[in-house]
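Reviewing the structure listed below.
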Amino acid sequence: INPDIRPNNLKYVILEIKTNPKEPNLVEELLKIPQLRMLDGIFGDFSLFGLLIFKSPEDYYRTLNIIDNIMAKSYFKKYQIIETIKVFKTNGISLRKKRLSIKERLIDEFNNKNVSTMDTVIIELQEKINLNQIANKDKEIPIEYEPRKFPGLIIRIEEASIIIFSEGKIIFSDIKDKGIQFIDKIIKTLEKIGIRLDRKLFDSDFEVDAIDYIILNILRDSQGLKPISTYEIRNIFQEEHQIEISQSTIHNRIKRLEEKGVILNYTVNFHPKKIGYEGKFLLRIKPKDPSKYDELATKLDINNDITDLFRIGEQYGLFAIVRVKKIGDYATFLRNLYGSEDIEDTYTNFVLDELITHTNFAIL
Numbered sequence: 003i004n005p006d007i008r009p010n011n012l013k014y015v016i017l018e019i020k021t022n023p024k025e026p027n028l029v030e031e032l033l034k035i036p037q038l039r040m041l042d043g044i045f046g047d048f049s050l051f052g053l054l055i056f057k058s059p060e061d062y063y064r065t066l067n068i069i070d071n072i073m074a075k076s077y078f079k080k081y082q083i084i085e086t087i088k089v090f091k092t093n094g095i096s097l098r099k100k101r102l103s104i105k106e107r108l109i110d111e112f113n114n115k116n117v118s119t120m121d122t123v124i125i126e127l128q129e130k131i132n133l134n135q136i137a138n139k140d141k142e143i144p145i146e147y148e149p150r151k152f153p154g155l156i157i158r159i160e161e162a163s164i165i166i167f168s169e170g171k172i173i174f175s176d177i178k179d180k181g182i183q184f185i186d187k188i189i190k191t192l193e194k195i196g197i198r199l200d201r202k203l204f205d206s207d208f209e210v211d212a213i214d215y216i217i218l219n220i221l222r223d224s225q226g227l228k229p230i231s232t233y234e235i236r237n238i239f240q241e242e243h244q245i246e247i248s249q250s251t252i253h254n255r256i257k258r259l260e261e262k263g264v265i266l267n268y269t270v271n272f273h274p275k276k277i278g279y280e281g282k283f284l285l286r287i288k289p290k291d292p293s294k295y296d297e298l299a300t301k302l303d304i305n306n307d308i309t310d311l312f313r314i315g316e317q318y319g320l321f322a323i324v325r326v327k328k329i330g331d332y333a334t335f336l337r338n339l340y341g342s343e344d345i346e347d348t349y350t351n352f353v354l355d356e357l358i359t360h361t362n363f364a365i366l
């Protein structure tokens, strides 16, 4: 779910707690809070790290009172709440890119990747693409489309390939050493075959209403091993919310939430360690120049090891969640980070145990 939704942006809040193994009931009480999306045991001054997401100020203050009551019964009674000022990245999804048009995103991808070494750029549209229509549209463009052999449509330009899939994914391969003129040629080719590149993936004027919120919560929290159907969503509206709503209305609302950029993507939840991601780190970053927080965040945004990135109101003003496959990979990550010469200092917490284990982020 896009945190920049209106009328109230989703509020991301960091919770740090000092506890000890003799009070497991504290963790049990925290896990009952539905707004708690992440809870980790960590090494450092605090023992627990939590990430909570709220849909309104009232929701936030009501939950804050619950946390205060839980902590009043704790042994140390030591905790702190850090409000995020801005969300740059969540679950591996760049919100900066979501604010760009398709054309701007394409240029951004080429500019931020080292095309002297990188060979592939991927863009995903929030709409289906009619490949048959493209294949029959313009005979001047060299198009290869044989759906019985391969599901994608291929366009070759200067020994590079554009591979277009009907679900909206476009892969640009063999782009090593291609410059800005090549990007212009790609953009003109895509526009010529009818792919809209001027549309932005997020409508900042669109407002989510109470029914939309319920749909979003159901999509996020009520999925099983199989994707939930609109008929099942209708039944949840009837049984849990006593609201009569048709299946077609639910379908149309979900489609609109996708088109307006409120729904960022669909994904599966998984256990990171079971697929080889052994290391999770919480990283605070202090830039050399405090006036360049946004500029630094843009550079960090493209780092695939960083799954979440926030601006917070502290001396170390950027807070990142970092995932690596091997613990030793984090040392390489830090060396590369300091190599940019934009960083003055960092502070790291190592995650010992993920108490809310199932999550999602981009796997590369």
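Sequential numbering of the sequence shown, starting at 3, is according to this note's numbering.
Here a beta-carbon is modelled for each residue, glycine too, at the ideal position from N, C-alpha and C.
Check	Outcome
Cβ separation of Y318 and Y295, assumed to be a contact under 8 angstroms, to the nearest whole Å	Not a contact, Cβ separation roughly 11 angstroms.
C-alpha distance - F321 paired with S248, whole-angstrom precision	42 angstroms
Alpha-carbon spacing of P23 relative to P5, whole angstroms	34 angstroms
Exposed unless 16 or more other CB atoms sit within 10 angstroms - verdict on T21	buried
Within the segment 151 to 207, ranges of the beta strand (DSSP E) (whole runs, at least 3 residues)	155 to 159, 162 to 166 and 171 to 175
Three or more C-beta pairs below 8 angstroms linking the segment 167 to 180 and the segment 229 to 247	no
Neighbourhood of I195 by C-beta, 7 angstroms cutoff - its chain only, sequence neighbours within 5 removed	I136, K139, D140 and I143
Beta-carbon separation (whole angstroms), R325 vs F363, contact threshold 8 angstroms	6 angstroms
CA-to-CA distance, F45 to Y63, given in whole angstroms	28 angstroms
L97 in three-state terms, based on DSSP	helix
Residue burial classification, V210 (beta-carbon count within 10 angstroms, cutoff 16)	buried
Touch test, the segment 160 to 168 against the segment 70 to 81, Cβ-Cβ under 8 angstroms, three pairs minimum	no
Proximity to T86 [Cα-Cα], best of E316, L354, R222 and F283	E316
Buried/exposed call for F239, threshold 16 Cβ in 10 Å	buried
Enclosing alpha helix (DSSP H) for F239 [first to last residue]	T232 to H243
Helix, strand or coil at G330 [DSSP, three-state]	coil
Cβ contact (3+ pairs, closer than 8 angstroms) linking the segment 5 to 14 and the segment 87 to 99	yes
At least 3 beta-carbon pairs within less than 8 angstroms: the segment 291 to 308 vs the segment 354 to 362	no
From N10, I188, D310 and A74, residue whose alpha carbon lies closest to that of K282	D310
Where the beta strand (DSSP E) through N351 begins and ends	I345 to E356
Start-to-end residues for the alpha helix (DSSP H) that takes in Q249	Q249 to E261
I104 vs L133 beta-carbon contact at 8 angstroms	no
Top-ranked residue by Cα proximity to E169, from N11, P153, L12 and K228	P153
Counterpart residues of G319 in DSSP-defined beta bridges	DSSP lists no partner for G319.
Buried/exposed call for V123, threshold 16 Cβ in 10 Å	buried
N-terminal and C-terminal residue of the alpha helix (DSSP H) that L221 is part of	A212 to D223
At least three beta-carbon pairs within less than 8 angstroms, the segment 258 to 265 to the segment 297 to 312	no
Close Cβ partners of P229 (< 8 angstroms) along its chain, the five nearest in sequence each way excluded	Y268
Delimiting residues of the beta strand (DSSP E) encompassing I7	First-last for I7: undefined, no H or E at that position.
Buried or exposed (CB count within 10 angstroms, at least 16 for buried), A333	exposed
Simplified DSSP assignment, three categories, for E209	strand
Which listed residue (S342, I365 and E343) has its alpha carbon closest to that of I308	I365
Integer Cβ distance of F56 from Q37, believed to fall under 8 angstroms	6 angstroms
Distance between S49 and D110 (C-alpha atoms, nearest Å)	39 angstroms
Selected residue, minimal CA-CA separation from Y279, among G330, N254 and I252	G330
Supposed close pair I125, I172 - CB separation, criterion 8 angstroms	5 angstroms
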